[in-house]
Amino acid sequence: MSPPPHHNLFDSRGNPVGLGKKVGSGGEGDVYEIAPHRMDVLAKIYHKPLTTERQEKLRLMVSGCNDDLKEFAAWPLDLLHTGKNGPVCGFVMPRITDCEPIHKVYGPSHRKESFPNADWKFLVRTAKNLAAAFYIIHKYGYVVGDVNEGNILVTKKACVRLIDCDSFQVQTRDTIYHCEVGVAQFTPPELQKSKDFKMLRTQNHDNFGLAILIFLLLFMGRHPFSGVYKGTDDMPIERAIAEHRFAFGRSAALKAMAPPPNSVGLSVVPGEVASLFEQAFTESGIQSLGRPSANDWWNVLDVLEKRLKKCPTESMHTYYTGLATCPWCTLENSSGILLFLSSDTISRIDVAAEWQKVLVIKPPGSIPVIDPRKYRCLPAPLSPDIARALRFRKVRQAAAALLLVISAGLTLWLWSGSFSTKDFAGLVPAVLAGLLLMYPGRDTGERKRRKKEFEDTRYSWRLWEKKWKAEAGDAEFTAQLGALTALKGRYEAIEREYKNALVTLQHTSRERQEKKFLENCFIDSCTSPKLGENRKAALRSFGIETAADIAPYKIMSIPGFDTALATGLMNWRKQQESRFVFDEQIGVSASDVQGLIHTFQPKIRPVERELLMGIEKLHAIQQKIFKNRVKFQPVIEKSARDLAQAHADLSVFTLTGKLF
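The opening residue of the sequence shown carries number 67 in this note's numbering; numbering runs sequentially from there.
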């Protein structure tokens with residue numbers, strides 16, 4: 067049936083409705099603007115006459131319309147009739163603008179093209195808003211039924227809008243108006259073997275598709291049931307779903323599954339989020355209300371959004387605060403895949419200006435020398451008794467020395483003759499000398515006291531001297547300045563390498579233009595009969611979104627993809643390559659530069675961060691040294707004077723002054 071003439075269309079109140087230009091077309095009907103000047107709504111006109119049941123379903127949806135539904139969906143606002151009070155041939159719905167299909171949000175290649183400023187926080191917010199949309203649909207008793215990536219749109223502000231609402235399941239007390247369509251990769255296990263979808267759908271069925279979409283958003287387009295299968299037979303997504311082979315789950319290994327390469331696991335989300343995925347995708351979910359509801363998802367995603375932090379290395383990376391390091395940096399570095407567009411410049415700081423801050427930090431210079439030997443101290447006076455005993459002790463020491471000399475001379479003289487018993491007579495003076503020296507004298511106690519005092523002050527001095535050199539010396543400042551100089555050298559080397567790479571870009575213009583061209587040839591547009599929607603989903607799960615991603619070894623690593631499919635995809639890539647036309651006038655594009663930035667940012671950002679922190683540390687070290695010099699110098703000088711005094715006090719009892 068052709069679209070009715072404009073003058074034959076009437077709304078429910080009998081007012082004529084004119085159609086403007088056609089803005090869209092689908093399997094069931096076409097979408098038109100409403101003339102004149104109705105830019106807030108559109109009209110959907112069906113190709114074929116609607117059954118009485120279908121007309122009644124639309125009447126129920128229009129009568130149930132409210133502000134909540136209009137906020138999240140292109141809900142039928144009014145019916146369109148062929149002639150006044152004639153059969154329903156279409157309906158009026160809100161016009162949704164500035165939106166893209168949800169798969170252009172979660173697929174990295176699409177996202178960089180359609181949502182260049184989106185980070186992971188944007189994806190989390192989109193997932194949260196998607197849960198809110200499902201919550202509203204379920205709140206009013208409707209079931210989406212045909213949950214898939216094609217009937218969900220996303221705005222630049224992460225708002226979600228549902229379209230094709232006329233396919234939703236509508237239920238009254240007496241009648242069920244079924245949703246008669248579905249997409250296998252979003253269909254729950256218990257419905258996978260159904261030949262058609264004309265059956266009672268439940269909110270629990272919807273919750274499976276909702277969990278799939280949330281997983282796709284949070285995990286960069288990876289389908290939870292598309293992984294590496296360890297078996298020898300084919301494992302398409304629909305079979306994996308039917309057999310509960312959740313490739314990222316706790317039981318994945320027991321089910322012979324593993325996540326695809328270059329993907330992250332459930333560890334990147336909090337445990338509460340991971341548990342909801344396990345609940346949604348395992349056998350327990352089949353039970354009535356067994357899967358997390360839209361409200362359950364909204365609650366945990368709202369908490370997750372509030373617990374995100376920015377990566378210190380790459381500003382476009384946000385991740386869960388419970389992680390020690392940024393998972394996106396790790397994944398980008400290991401895979402070479404740019405997940406998020408980074409900033410337009412490689413560096414955020416002016417290193418020359420920052421280095422001026424280093425130059426104005428005055429070095430503390432060498433530590434002031436404090437030496438106990440520069441202090442001239444007089445010994446503390448002795449009591450008269452101790453002084454007399456000391457003089458007597460010196461006399462005894464002199465007499466003993468004289469006796470020792472006599473003993474040595476006598477012994478040499480006696481030994482010059484023949485040996486006999488009388489030769490031992492030479493030892494007599496030595497024995498007398500020993501007796502003189504063994505006499506303790508009254509000064510012994512004072513000498514011991516002064517010796518202990520000297521040893522104690524010398525020990526204290528050595529500790530303070532070590533502390534003085536460590537905390538008031540300039541060794542730490544010199545070492546930190548050397549480290550900063552080395553960092554500056556590393557920064558300049560990376561910067562030179564980056565500039566050289568920019569020059570190289572000028573000489574690889576053709577290759578870059580062709581790569582960019584192929585990156586805009588999305589797998590979605592491939593019309594090969596062997597490449598259905600399920601296989602395209604599997605390709606995206608393994609990071610193959612565009613013709614640029616296609617390589618035989620990548621294709622052959624995907625379960626269920628054989629040589630024939632790989633050859634077909636390579637032929638499709640060659641067809642796209644044949645359409646490429648090199649433009650010599652095009653220079654280095656912004657995306658080319660961003661590719662280089664992505665390569666060099668992970669190298670230079672840590673150096674920048676370390677340099678900024680190092681400058682602050684250098685200033686702090688300088689201030690600490692000056693403070694410690696003022697704080698410790700009086701204490702060190704006192705310790706030195708105390709040692710010099712103790713040495714002088716002890717020197718009256720010794721024959722040598724070399725006690726330091």
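Ideal Cβ positions, reconstructed from N, Cα and C, are used throughout, including at glycine. Because the structure is a prediction, the values reported are computed rather than measured.
Assuming residue i and residue j are in contact, meaning their beta carbons sit under 8 Å apart, how far apart are those beta carbons, in whole angstroms?
i	j	result
VAL97	LYS87	The Cβ separation is near 10 Å, so there is no contact.
LEU367	VAL190	6 Å
ILE513	PHE719	Ile is not the amino acid found at residue 513; the sequence shown has Arg there. 4 Å between Cβ atoms; contact.
THR523	LEU709	5 Å
TYR243	VAL236	4 Å
LYS602	ASP615	Not really, about 12 Å apart at Cβ, beyond 8 Å.
ASP272	VAL226	With a Cβ gap of about 14 Å, ASP272 and VAL226 do not count as contacting.
ALA198	TRP364	6 Å
PHE314	LEU342	With 8 Å as the limit, PHE314 and LEU342 do not qualify as a contact, their Cβ atoms being about 13 Å apart.
PHE263	GLU246	5 Å
ILE403	GLY609	6 Å
PRO142	PRO115	Not a contact, Cβ separation roughly 18 Å.
PHE291	THR348	Going by Cβ atoms, the distance from PHE291 to THR348 rounds to 12 Å, so no, they are not a contact pair.
PRO434	GLN699	7 Å
LEU287	SER607	Here residue 287 turns out to be Gly, not Leu, going by the sequence shown. That pair is a contact at about 7 Å.
ILE560	LYS669	5 Å
Let me check understanding here. Comparing Cα to Cα, which of the options lies closest to residue i?
i	options	result
LYS170	ALA198, ASN217, GLY149 and PRO142	ASN217
ARG707	PHE646, PHE692 and ILE436	ILE436
LYS554	GLN572, VAL209 and VAL424	VAL424
GLY130	ASP185, GLU166, ILE203 and LYS114	ILE203
ALA714	VAL369, GLU521, THR241 and LEU631	GLU521
LYS110	THR148, PHE285 and PRO358	THR148
ARG516	GLY156, TYR208, PRO445 and SER594	PRO445
VAL334	THR387, ALA617 and GLN660	THR387
ARG675	VAL128, ARG288 and THR379	THR379
PRO82	GLU94, ALA617, ILE100 and GLY90	ILE100
LEU678	LYS261, VAL417 and LEU282	VAL417
LEU732	PRO336, CYS245 and SER317	The structure shown has nothing for residue 732, since the chain only spans 67 to 726.
PHE157	ASP134, GLN353, LYS187 and GLU122	GLU122
LEU571	GLN660, LEU124 and GLY93	GLN660
ASP658	PHE181, CYS587, LYS533 and ALA567	ALA567
SER401	SER432, ASN328 and PRO672	ASN328
ASN600	ARG305, LYS205 and GLU256	ARG305
ALA617	ASN637, SER607 and GLY84	ASN637
MET382	ARG671, TYR208 and LEU108	ARG671
ILE54	LYS533, ALA536, MET105 and SER705	Because the chain in this structure spans residues 67 to 726, residue 54 falls outside the shown range and cannot be described.
ILE307	THR391, PRO255 and ILE278	PRO255
LEU389	VAL330, ILE352 and LYS581	VAL330
ASN132	CYS155, TYR206, GLY95 and ILE352	TYR206
ARG316	HIS310, GLU344, PRO326 and PRO302	GLU344
TRP527	PRO438, TRP394 and SER359	PRO438
ILE663	PHE281, ALA224, LEU407 and ARG125	LEU407
ARG267	LYS535, LYS222, LEU355 and ALA536	LEU355
Evaluate residue i with the Cβ neighbour count: other Cβ atoms within 10 Å of its Cβ, from every protein chain shown; 16 or more gives buried, anything less gives exposed.
i	result
GLN641	exposed
TYR653	Note on identity: in this sequence residue 653 is Gly, with Tyr being the wrong assignment. It counts as exposed.
PHE648	exposed
PHE689	Reading off the sequence, residue 689 comes out as Gln, not Phe. Its Cβ having fewer than 16 others within 10 Å, GLN689 is exposed.
VAL701	exposed
LEU146	buried
ARG13	Any question about residue 13 goes unanswered here, given that the chain covers just 67 to 726.
PHE627	buried
VAL339	buried
ASN214	buried
PRO595	exposed
LEU75	buried
LEU716	buried
LEU721	Because the pLDDT of LEU721 is 48, which lies under 50, any placement of that residue in the model is unreliable, and the number read from its coordinates should be weighed accordingly. Counting Cβ neighbours within 10 Å, LEU721 comes out exposed, since fewer than 16 surround it.
MET127	buried
LYS194	buried
ASN270	buried
When you compare the segment 286-298 with the segment 321-335, are there three or more beta-carbon pairs, one atom per stretch, that lie closer than 8 Å?
These segments touch.
Run through the segment 565-626 for me and flag every whole alpha helix (DSSP H) of 4 or more residues, listed as ranges in chain order.
The qualifying runs are 575-585, 599-607 and 618-622.
Unbroken beta strand (DSSP E) runs of length 3 or more, entirely within the segment 68-150: which are they?
Runs of the beta strand (DSSP E) inside the segment 68-150: 84-91, 95-101, 104-112 and 144-148.
At what residue ranges does the segment 186-267 contain a whole run of the alpha helix (DSSP H), taking only runs of 4 or more?
List check, alpha helix (DSSP H) in window: 186-205.
When the Cβ atoms of the segment 617-633 are set against those of the segment 538-549, are three or more pairs found closer than 8 Å?
Touching, no, given that fewer than three Cβ pairs across the two stretches are closer than 8 Å.
What ranges does the alpha helix (DSSP H) occupy inside the segment 319-380, keeping only unbroken runs of at least 4 residues that lie completely in it?
Secondary structure within the segment 319-380: the alpha helix (DSSP H) runs of 4 or more consecutive residues, fully enclosed, are 337-347 and 360-372 (chain order).
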